[in-house]
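In what follows, a structure is listed as C-alpha cells, so that the remarks can point back to it.
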Amino acid sequence: MPDPMIPDPTIEAFDPEDDRLRRKVGRERLRQDEIAIRQARERGLHAPGTGVASPWRMPRAGWSIIFKQTFAELGTSQISLAAAGCAFYATLSLFPALTTLISLYGLAFSLETVEPQLQVMRNLLPRSAYNLIGGQIHNLVSQPHSSLTIGLVFSLTVALWSASAATKSILSALSIAYGVEEKRSFLAFQAFALATTLCAVLGAVLTLALMVGLPALVDFIPVHFGLGSLPWPASLLMGVGTRLAIRMGGPVLMLLFVLMVLSILYQYGTARNHVAWRWILPGSLLATIVWVGASLGFSYYVGHYAAYSATYGPLGAVAAIMMWLWVSAYVVLFGAEVNAALEDRVKGRQPKLPGLQPLDAAVAKALDEEASGATEALPAETPPGARRSAPGHV
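Structure representation (C-alpha cells):
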C-alpha cells in the first residue's frame, strides 16, 4: 500500500497557470471552429447550384462540381467491390430469374413469341453470353406448357427467392453509394427485396408483351383510322414510319423499362427520405445511356480482342456474363453516385470542410437546414464527410 505522505509521480500537481492556459487555448480553438463554420456556411450557400429548384436549372459550374465529386467517390470508395458482389449474386440469380420470367409469361401469352424478342440483346451481350442465355431460354420455351398449379406456384416461389439475391445485393450497394445506413429490419429488407424482384419480373413480362404486340398495333392504327388510302407521298411516309416504329419499338421499350427500374431503385431502394422524381431522373437517364454504351463497347471488346473461351475454356461464357453484369452494376451505382452528388451540391454540403475536421453532426444539420430552401424533400440525414457508411443486409 503506497505511503500517503509520499507524492505519487504519476499524478501531476494542479497548477492554476496551466489551467488558465488550457482554457485560453480551448476558447481560441472554439473561436477558430466558429470562423470555419461561418466560412463554410457562406461558401456553401453561394456555391454554384446551391438551392436550385430543379436539376435542369443547375449551372454548368455546378454540374462540373457534381461530376468531380462523383468520380472522386468512385475512385476512392468501395463501389468497384460492391459492383463485383452484385455481379456474383446476379450470376447466381440469372437463370432462376429467367425461369420465373418465362413461366409467368407463358401463363398469359404464347412462349413462341419470346425468342424473337431476344434479338434486342444481341448487340448488348458478348456472343458467348448471348448464346448461353439464348440456349437456356430455348430450353425453357420448349418445355410443355404448364397451367397454374400448386406445384408451379411452389417452383416459381423458389425461383423468385433465388432471383432476389441479386436484388438484395443491389439494394445494399445502393446504400453504400448514397452513404446511408440500412435502417430496415432483416425481415422488412427481405420482404422488400422479394417484392422488388417480383415487380421487376412482372414489368419485364409486360415489356415483352408490348414488344410482341407492337407490330400488330402499328398495323392496326392506319386501318382503324382510315389512313391506308392516303395520297402517294403521305402513304410512303406512313410506310416508312411503320417500318421504323416496328424496328425501333423493341429497343425503345427496353430502354424505357431500364429507365423505370433504375428510377424506382434510386427512389425506394435505400432507407432514406424520398425526394421529388425530378431529382432522381438525372442519374437514371445518365445510367441508362452509359449502360447502353458500355454494353455495346464491352460486347465489341469481347468479340474482337478478349479471348475468354481460350482463357477460361468451357467457363468462358460464364466469365463473360459475370464481367457484363459487373459493368452493368457499376453503371447502376454510378447513377446513384451522380444523384447523391447532385443532392450534396443543391444542399451546399461539402464532403470535407477546411478548418473543421471532422464536421460535427449538429453543424452539418445546421448547414443543411440553411441550404434546403428550394430543395423540397431532399434528405439531410447524412453529414458531410460521412459518405460510405455501413452496407445493408445481403
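Letter by letter, the sequence shown follows residues 7 to 400 in this note's numbering.
From the three backbone atoms N, C-alpha and C, an ideal C-beta is built for every residue, glycine too.
By Cβ distance, which residues of its chain are closer than 7 Å to V337, with the 5 residues on each side in sequence left out?
A293, V296, W297 and A300
DSSP state of M127 mapped onto helix, strand, coil
helix
Expressed to the nearest angstrom, what Euclidean distance is found between the alpha-carbon atoms of S188 and T119?
Sequence inspection shows Glu at residue 188; the Ser mentioned does not correspond to that position. Straight-line Cα distance between these residues: approximately 41 Å.
Spatial neighbours of L302 within its chain, please: C-beta separation below 7 Å, excluding the five flanking residues on both sides.
N129 and L130
Segment contact flag, the region 84 to 96 with the region 174 to 190, C-beta cutoff 8 Å, min 3 pairs
yes
Is K30 buried or exposed, if buried means 16 or more other CB atoms sit within 10 Å of its CB?
exposed
May I have the straight-line CA-CA distance separating F160 from T106, to the nearest angstrom?
11 Å
Any contact of the region 108 to 116 with the region 208 to 217, i.e. 3+ C-beta pairs under 8 Å?
yes
Have a look at Q363 and Q38 and give me their C-alpha separation to the nearest angstrom.
A caution first: Q363 carries a pLDDT of 38, below 50, which makes its placement in the model unreliable, though a value can still be read off. Straight-line Cα distance between these residues: approximately 12 Å.
Count the other CB atoms within 10 Å of the CB of L321; is the residue buried (16 or more) or exposed (fewer)?
exposed
With DSSP as the reference, label H310 as helix, strand or coil.
helix
In whole angstroms, what separates the C-alpha of A383 from that of A206?
Bear in mind that the predicted position of A383 carries a pLDDT of just 46, short of 50, making it unreliable; the figure below should be weighed with that in mind. Going by the C-alpha atoms only, they are around 26 Å apart.
Compare the Cα-Cα distances from F195 to each of V281, V352 and G275 and report the closest residue.
G275
Start and end residues, alpha helix (DSSP H) containing W285:
Looking at the DSSP string, W285 is not in any alpha helix (DSSP H), and its letter there is neither H nor E.
Buried or exposed, going by whether 16 or more other CB atoms sit within 10 Å of the CB of G289?
buried
V333 versus I139: straight-line alpha-carbon distance, rounded:
18 Å
Pull up the CB-CB distance for Y184 and R66, whole angstroms please, since I reckon it's below 8 Å.
Not quite, the Cβ-Cβ distance comes to about 25 Å (not below 8 Å), so this is no contact.
Among S170, S191, F192 and M217, the one whose alpha carbon lies nearest that of A201
S170
Sequence-distant residues of its chain with Cβ nearer than 7 Å to L204 (five each side left out):
L166
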